[in-house]
Amino acid sequence: MPVQKSGNGGLDAILAAVDPKEGTGWHGLARRDALNRLRTMGLPVPRDEYWRFSGPGPLIWPIEGTSPETTRPPVDCTMPLHASAAVRSVFQETDCLRMVFIDGVFSPDRSDDLVMANVDIVPLSEAMALDIHWSRDLFGKLEADGQSPIARPLAALNTAVARNGFVMDVHGQVPKPVCMVYLRETDQSEAIIHSLVKIRKGASVTLLENGPGAARLNSVLEIDVEQNARFDHVRVQGRDHDRVAATHQFVRLARESSFRSFSMTVNGVHTRNETYIALRGDEAKATVAGVCVGDGEFLHDDTVFVLHDAERCESRQVFKKVLGNGSKGVFQGKILVRPGAQKTDGYQISKGLLLDGTSQFLAKPELEIYADDVACSHGSTCGALDEDSLFYLMARGITRSEAQRMLVLAFLEEAIDEIEDLEIAADLRDRLAEWIARHSS
Amino acid sequence: MLKISDLHVSLEEEQKPILKGVDLELPAGQVHAVMGPNGSGKSTLSYVLAGRDGYDVTAGSVTLDGDDIFELDPDERAVNGLFLAFQYPVEIPGVTNMTFLRTAMNALCKARGEDEVSAADFLRMVRSRARELEIGSDLLKRPLNTGFSGGEKKRNEILQMAVLRPRVCILDETDSGLDIDAMKLVAAGVNRLRNPTRSFLVITHYQRLLDYIEPDVVHVMADGRIVETGGPELALRVEKTGYSRLLKKVA
Ligand SMILES: Nc1ncnc2c1ncn2[C@@H]1O[C@H](COP(=O)(O)OP(=O)(O)O)[C@@H](O)[C@H]1O
Ligand SMILES: [Mg+2]
């Protein structure tokens, strides 16, 4: 990894703004380490190997025109969540424990009491003052592990400066999903969220996330799944058109553990979702899947790295992107199988559906295998709506626009199918159908 | 009811003439069979009637109850009562058979200004029609035609016809690839729908199907034209002598 010498004006400004007090407390050392990592790596530049398809610009440029007058109407705290929105929100009908962040800052008033069986949840802002010793072993640690072989400077930046997020300790089967709601209130808000999830032996939890977070979001989620434990994750990245997001998840999987993560992205001008999964224990299973639907000024990048470092593990990557009106989709997915990771079963598929000639899908699938007894497959396709399918539907009386909508949803189905909870899958399907109906002429 | 006059059709891409003056009149309540060797233009005729892209109508006309069907998009033709049972039904993963049927039914109701059928009534109706065709409820839940066997696909076409109840049914080689039992099911499905207002154009390569769906009129198609028209006995003659003898005689 060459040291970035130039183009660090933005970084210097960021580093100058870092509070020297960051260096204290249980997280202090991790933050100092992260700063050093970041100084060595430098901020990403468009010629970096994994930034060629989607430049880092909007993720690191200073947010323009910050002025207090341009704030949005304040969120009315007397209203139930989402009631102000004309469109029904996702997860609205899901029975869950809600934790709300406004422009990246935890809002106790808007949140449920953070009390539920088998889980301890503390906002990071409070946890920093407490001594939660396990978080010391996790904070910035999985992120640091995930910096090689591919650098992820924005995640190091996050570790260095994030003061918000949550710390979740799961020690049994959590009865209801935990739902993070990330509201955006201010036009130029910038949220830096860092969260930790530890799922202890045999425990399980479902984490839902919904909302844009801020005008610009940088989030890191470090997830440690212990033996036989299970983590299910469904994320919806909000409906804001002009928001920008760089997200990272770093996952460590122990023996026979299971991780499933699904992301849905509609709208948002620029999104880069990075996932780093390390299968460290035998017979662990990981699935990361996602759909995005872009219309107009929209760039969506999924960059996934799966490391097989144990025997008989399974990994799946399933990504579907619908792109229209000049939008752009990127998929960079790598499976790395370490020597000795025998009987690895690795699967990866990415597909782009281009609704017109102005949109683009760029894919970079990679396999790197150093064990001899493995089954890995990957595929990537890109194409337009199938004319034969359109004709078949129309020959049964279905209008062209409805047939197109059906086929777009049908295209996404392969990824949605990766969500295990059928009600949540149905909820997402409905949201997608509504969105597609609003955006089709 | 359906009137095809001097229809000339070329492939759009290659300017290659396929249909070279087809004349055929299908009155209400009748079943007409169209037989002919492979490549004679039978599927092209059925696709042009249904409105598929990729063809140029260079001359002639087709009217349904006096209205020019070429003015209409495929979906408009369908809601006007035209139905094509495809020779090769299209697999659509991600859309279940049931969702497809329901969407098609709703489109029909909407175009006709009728109320939608309630979900429960519709399900009951589809189940009973499916039972007649020995289509199990698992097939209704599966993605449309995806991984269906050849016979299942063809029976599923007839199910759609039985649910949507069109006025003009075009069956393009629905019998090909079917064993005798499946063919009997398909034929029974067609016969149940026969009535004085509904017409059928049954395209087939073999006479066998016509033992079960008795046609009023048989046409023989060759090289883009109807070369002979007669009663059911024509089909038997074709079966016995083969297309080549027949075509030699015509030429
Ligand atoms: N899309 C196409 N591209 C090229 N040739 C075609 C196409 N469709 C039909 N044809 C040609 O048109 C002729 C008639 O085909 P078709 O209508 O399928 O005949 P049939 O159904 O009677 O077997 C054949 O010579 C066939 O090769
Ligand atoms: Mg044919």
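Residue numbers (this note's numbering), protein chains in the order written: chain R, 372 to 812; chain W, 284 to 534.
Ideal Cβ placement from N, Cα and C applies to all residues, glycine included.
#1: For Phe383 (chain W), does the three-state DSSP call read helix, strand or coil?
#2: Within 10 angstroms of its Cβ, does Pro479 (chain R) collect 16 or more other Cβ (buried), or is it exposed?
#3: Output needed for Ile375 (chain W): all residues of its chain with C-beta closer than 6 angstroms, excluding positions within five of it in sequence on either side, in chain order.
#4: Would you mind working out which of W:Ala413, W:Pro320 and W:Ile352 sits nearest Gln443 (chain W), comparing C-alpha positions?
#5: Check whether chain R comes within 8 angstroms of Ile352 (chain W), counting only Cβ atoms and requiring the distance to be less than that.
#6: Counting only runs of 4+ residues fully inside the stretch 331-361 of chain W, write out the alpha helix (DSSP H) ranges in chain order.
#7: Indicate whether the contact test is met: 3 or more Cβ pairs, each with one atom in the stretch 743-758 of chain R and one in the stretch 352-359 of chain W, closer than 8 angstroms.
#8: Please classify His565 (chain R): does DSSP put it in a helix, a strand, or coil?
#9: My guess is that His671 (chain R) and Gly700 (chain R) are in contact by the Cβ rule of under 8 angstroms, so how many angstroms apart are they, rounded?
#10: Return no unless some Cβ of chain W is closer than 8 angstroms to the Cβ of Ser590 (chain R).
#11: Along the beta strand (DSSP E) that carries Ile740 (chain R), what are the first and last residues, could you check?
#12: Considering only C-alpha positions, which residue in the set W:Val292, W:Ile301, W:Val317 and W:Glu295 is nearest to Phe483 (chain W)?
#13: Under 8 angstroms Cβ-Cβ, which residues of chain R neighbour Asp336 (chain W)?
#14: Excluding sequence positions up to five away, which residues of its chain have a Cβ less than 8 angstroms from the Cβ of Leu509 (chain R)?
#15: Between which two residues does the alpha helix (DSSP H) harbouring Gly472 (chain W) extend?
#16: Taking Cβ-Cβ distances shorter than 8 angstroms, what residues in chain R pair up with Gln443 (chain W)?
#17: Would you verify that the beta carbon of Thr386 (chain W) is, or is not, closer than 8 angstroms to some beta carbon of chain R?
#18: With a cut-off of 8 angstroms on the beta carbons, I'd call Ala390 (chain W) and Gly768 (chain R) a contact; round off their distance for me.
#19: Rank R:Gln775, R:Ala786 and R:Thr395 by C-alpha distance to the C-alpha of His810 (chain R) and give the top, closest one.
#20: Measure the alpha-carbon distance for Ala500 (chain R) versus Gly396 (chain R) and round it to whole angstroms.
#21: Who are the near neighbours of Asp499 (chain W) in its chain, counting only those whose CB is closer than 7 angstroms to its CB and skipping five residues on each side?
#22: Could you run through the stretch 407-441 of chain W and flag, in chain order, every residue whose CB is less than 7 angstroms away from some CB of chain R?
#23: Hey, out of W:Arg410, W:Asp404, W:Met408 and W:Tyr371, whose CA is closest to Glu440 (chain W)'s CA?
#24: Is any heavy atom in ligand 1 found nearer than 7 angstroms to the beta carbon of Leu422 (chain W)?
#25: If you reduce the DSSP assignment to three classes, tell me which class Phe510 (chain R) lands in.
#26: Output needed for Arg709 (chain R): all residues of its chain with C-beta closer than 8 angstroms, excluding positions within five of it in sequence on either side, in chain order.
#27: Three-state secondary structure (DSSP) at Asn407 (chain R)?
#28: Examine chain W for any beta-carbon lying closer than 8 angstroms to the beta-carbon of Glu580 (chain R), and answer yes or no.
#29: Report the three-state DSSP secondary structure of Lys547 (chain R) (helix, strand or coil).
#30: Can you tell me which of R:Ile807, R:Ala808, R:Trp806 and R:Arg802 puts its alpha carbon nearest to the alpha carbon of Phe462 (chain R)?
#31: So, with DSSP's three-state summary, where would you put Ile790 (chain R)?
#32: Buried or exposed: which applies to Asn599 (chain R), given that a residue is buried once 16 or more other Cβ atoms fall within 10 Å of its Cβ?
#33: Give me the residue from R:Gly428, R:Ile807, R:Val689 and R:Asp558 with the minimum Cα distance to Gly704 (chain R).
#34: Met777 (chain R) versus chain W: which residues are under 9 angstroms apart at the beta carbon?
#35: Under a Cβ-count criterion, where at least 16 other Cβ atoms within 10 Å of its own Cβ denotes burial, should Gly517 (chain R) be classed as buried or exposed?
#36: Run through DSSP, which three-state label would Phe537 (chain R) get?
Looking at the atomic coordinates:
#1: Residue numbering aside, residue 383 (chain W) sits at position 100 when the second sequence is read from its first letter. The answer is helix: DSSP assigns Phe383 (chain W) an H, G or I state.
#2: If you number the first sequence from 1, residue 479 (chain R) lands on position 108. Pro479 (chain R) should be labelled exposed.
#3: On the second sequence, residue 375 (chain W) is found 92 positions in, with the first residue counted as 1. Excluding sequence neighbours, Ile375 (chain W) sits near Leu427.
#4: Position 160 of the second sequence, counted from the first residue, corresponds to residue 443 (chain W). Considering only alpha carbons, the answer is W:Ala413.
#5: For this step, residue 352 (chain W) is matched to residue 69 along the second sequence. No, Ile352 (chain W) does not count as interfacial toward chain R.
#6: none
#7: no
#8: One-based indexing of the first sequence puts residue 565 (chain R) at position 194. Note: His565 (chain R) maps to strand in three-state DSSP.
#9: By 1-based counting over the first sequence, the position of residue 671 (chain R) is 300. By 1-based counting over the first sequence, the position of residue 700 (chain R) is 329. Between Gly700 (chain R) and His671 (chain R) the Cβ distance is about 5 angstroms, and since that is below 8 angstroms, they are a contact.
#10: For the purposes of this step, residue 590 (chain R) is taken as the residue at position 219 of the first sequence. Answer no: the Cβ-Cβ gap between Ser590 (chain R) and chain W never drops below 8 angstroms.
#11: Walking along the first sequence from the start, residue 740 (chain R) turns up at place 369. Gln731 to Ile740 is the span of the beta strand (DSSP E), which, as asked, contains Ile740 (chain R).
#12: Translated into positions along the second sequence, residue 483 (chain W) becomes position 200. The shortest C-alpha separation from Phe483 (chain W) is found at W:Val317.
#13: As a working mapping, residue 336 (chain W) is identified with position 53 in the second sequence. Near Asp336 (chain W) (Cβ distances below 8 angstroms), the residues of chain R are Glu758 and Phe762.
#14: For the purposes of this step, residue 509 (chain R) is taken as residue 138 along the first sequence, with counting starting at 1. Closer than 8 angstroms at Cβ, skipping near neighbours: Leu567, Lys569, Glu593 and Asp595.
#15: Taking the first residue of the second sequence as 1, we reach residue 472 (chain W) at position 189. Gly472 (chain W) -> alpha helix (DSSP H) spans Ile463 to Leu476.
#16: Within the second sequence, numbered from 1, the residue matching residue 443 (chain W) stands at position 160. Ordered by position in chain R, the residues that pass the 8 angstroms Cβ test against Gln443 (chain W) are Arg767.
#17: Numbered from 1 along the second sequence, position 103 holds the residue referred to as residue 386 (chain W). Closer than 8 angstroms: yes.
#18: Start at 1 with the first residue of the second sequence, and residue 390 (chain W) comes out as number 107. Start at 1 with the first residue of the first sequence, and residue 768 (chain R) comes out as number 397. Confirmed, about 4 angstroms.
#19: On the first sequence, residue 810 (chain R) is found 439 positions in, with the first residue counted as 1. Answer by Cα proximity: R:Gln775.
#20: By 1-based counting over the first sequence, the position of residue 500 (chain R) is 129. By 1-based counting over the first sequence, the position of residue 396 (chain R) is 25. Each residue's alpha carbon lies about 7 angstroms from the other.
#21: Residue numbering aside, residue 499 (chain W) sits at position 216 when the second sequence is read from its first letter. Hits under 7 angstroms: Gln313, Val314 and His315.
#22: none
#23: Position 157 of the second sequence, counted from the first residue, corresponds to residue 440 (chain W). Minimum Cα distance to Glu440 (chain W) is reached at W:Tyr371.
#24: Within the second sequence, numbered from 1, the residue matching residue 422 (chain W) stands at position 139. Result no, Cβ not under 7 angstroms from ligand 1.
#25: Working through the first sequence from its first residue, we reach residue 510 (chain R) at position 139. Residue state, collapsed to three classes: coil.
#26: For the purposes of this step, residue 709 (chain R) is taken as residue 338 along the first sequence, with counting starting at 1. Once the five neighbours on either side are set aside, the close Cβ partners of Arg709 (chain R) are Leu678, His679, Asp680, Tyr741 and Ala742.
#27: The residue you call residue 407 (chain R) lines up with position 36 of the first sequence. Asn407 (chain R): helix per DSSP, three-state reduction.
#28: As a working mapping, residue 580 (chain R) is identified with position 209 in the first sequence. By this cut-off, Glu580 (chain R) is not an interface position.
#29: Start at 1 with the first residue of the first sequence, and residue 547 (chain R) comes out as number 176. Residue state, collapsed to three classes: coil.
#30: The count along the first sequence starts at 1 and reaches residue 462 (chain R) at position 91. When each option's Cα is compared against that of Phe462 (chain R), the closest is R:Arg802.
#31: Locating residue 790 (chain R) in the first sequence gives position 419, where the first residue counts as 1. The answer is coil: DSSP assigns Ile790 (chain R) none of H, G, I, E or B.
#32: Position 228 of the first sequence, counting from 1, holds the residue named residue 599 (chain R). Asn599 (chain R) is buried by the Cβ-count criterion.
#33: To locate residue 704 (chain R), count along the first sequence from 1; it is residue 333. That would be R:Val689, whose Cα lies nearest to the Cα of Gly704 (chain R).
#34: If you number the first sequence from 1, residue 777 (chain R) lands on position 406. Neighbours of Met777 (chain R) on chain W, chain order: Ile375, Gly377, Val378, Thr382, Phe383 and Thr386.
#35: Walking along the first sequence from the start, residue 517 (chain R) turns up at place 146. Buried, by the Cβ-count rule.
#36: In the first sequence, the residue the question calls residue 537 (chain R) occupies position 166. It is a strand residue.
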